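Engineer: Below is a structure I'd like to ask you about.
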Amino acid sequence: MNSDRSIDAYKRFYEDINFDRAGLFEILKKEYGCNTVLYPGCSIHITPSFYFQHVVYLDISKTAKDFFDDIHNILNYINNIKKYKQTAYVQFIHADYTKPLLLREENYDLLVALYAGEIIKSCKKYVKPGGIILTNNHQKDAEESLKDPSITLDGLIYKKGKKYLIEKNNVGDFKDIFKKYGNTKKDMKNSANGLEYVDNQCYFVLRKSK
Numbered sequence: 029m030n031s032d033r034s035i036d037a038y039k040r041f042y043e044d045i046n047f048d049r050a051g052l053f054e055i056l057k058k059e060y061g062c063n064t065v066l067y068p069g070c071s072i073h074i075t076p077s078f079y080f081q082h083v084v085y086l087d088i089s090k091t092a093k094d095f096f097d098d099i100h101n102i103l104n105y106i107n108n109i110k111k112y113k114q115t116a117y118v119q120f121i122h123a124d125y126t127k128p129l130l131l132r133e134e135n136y137d138l139l140v141a142l143y144a145g146e147i148i149k150s151c152k153k154y155v156k157p158g159g160i161i162l163t164n165n166h167q168k169d170a171e172e173s174l175k176d177p178s179i180t181l182d183g184l185i186y187k188k189g190k191k192y193l194i195e196k197n198n199v200g201d202f203k204d205i206f207k208k209y210g211n212t213k214k215d216m217k218n219s220a221n222g223l224e225y226v227d228n229q230c231y232f233v234l235r236k237s238k
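In case it helps, this note's numbering puts the sequence shown at residues 29 to 238.
This is how it looks when you write it as C-alpha cells:
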C-alpha cells in the first residue's frame with residue numbers, strides 16, 4: 029500500500045462509518061491509564077494509538093501486513109492527532125496469536141480483545157498482574173474468562189447517545205450482566221453519509237489479578 033492508500037483504507041473502514049470507537053479508548057485511558065497495549069486480531073484498526081503511546085499490533089492477515097508495511101506514514105498520521113506528548117511507538121507482528129509469540133509475558137497493561145475469538149485464552153499471559161483486558165465478549169470470550177479465578181469483572185463501558193460511559197461500582201453478578209449485555213451486536217444503519225456503524229455493544233473491562 030502506498031502512503032495515501034494505507035491511511036485512506038483506515039479512514040474508509042473505520043472513521044468514515046463511525047466505527048473507529050475513539051471514545052471507547054479515550055474513556056479507557058482516562059479511567060485506567062495504561063501505557064503498554066497489546067492488540068491481537070487488530071486488522072488495520074490503529075485508533076488505540078491515538079490515546080496510548082505504546083501499542084503492539086498483531087494479526088495474521090495479509091491486509092494487516094500490507095497496511096503496517098507503510099509504518100512511516102502511519103506513524104506520521106498518528107503523531108499528528110495523538111492525545112499525548114510523547115512520540116507514538118507502534119510495532120506490528122505478523123503472526124497467529126493462538127501460537128507461541130516472541131513477546132515477554134506479564135509485560136502489557138492492556139490487552140484489547142475485540143471481534144476475534146480466543147484472544148484472552150491465548151494472550152492473557154502477556155498481561156501484567158493487575159493489568160486489564162477490554163473485550164466485547166466475542167465468541168463468549170469474556171464469559172469463559174470469568175471462570176478463571178485470576179480474572180474479575182472490573183467495569184462495563186457502553187455508548188449512550190454520542191458518549192461512552194463507564195460503570196464500575198455495583199456492576200452486579202456477571203451472569204445477569206451477560207444475560208442482559210452478552211450478545212455481540214454489530215449494527216449498520218443508513219445515514220446521509222451512506223452506511224454507518226451503530227455501537228450498541230457493551231464492553232467488558234476485566235482485571236487480571238495474577
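The beta carbon of each residue, even a glycine, is placed where N, CA and C say it ideally should be. Remember, predicted model here, so these are calculated numbers, not experimental data.
Runs of 4 residues minimum, wholly inside the segment 135-192: which ones carry the alpha helix (DSSP H) assignment?
Structural biologist: As far as the segment 135-192 is concerned, its whole alpha helix (DSSP H) runs of at least 4 residues are 147-151, 169-173.
Engineer: Can you tell me which of 185, 154, 148, 184 puts its alpha carbon nearest to the alpha carbon of residue 168?
Structural biologist: The shortest Cα separation from residue 168 among 185, 154, 148, 184 belongs to 148.
Engineer: Which residue marks the beginning of the alpha helix (DSSP H) containing residue 86, and which one marks its end?
Structural biologist: Note, residue 86: premise wrong, no alpha helix (DSSP H); beta strand (DSSP E) at 82-87.
Engineer: Along the chain, where does the alpha helix (DSSP H) containing residue 99 start, and where does it finish?
Structural biologist: First-last of the alpha helix (DSSP H) with residue 99: 99-109.
Engineer: Where DSSP assigns a beta bridge to residue 232, which residues make up the other side?
Structural biologist: Note: residue 232 sits in a beta bridge opposite 163, 184.
Engineer: What three-state label does DSSP hand residue 313 in the structure shown?
Structural biologist: Past the boundaries of the shown model lies residue 313; the chain is included only from 29 to 238, so the question cannot be answered.
Engineer: Going by beta carbon distance, what residues of the same chain come within less than 7 Å of residue 183, once the five residues before and after it are set aside?
Structural biologist: Taken in chain order, the residues that qualify are 194, 195, 196, 199, 233.
Engineer: Considering residue 95, what are the terminal residues of the alpha helix (DSSP H) in which it resides?
Structural biologist: Start and end: 90-96.
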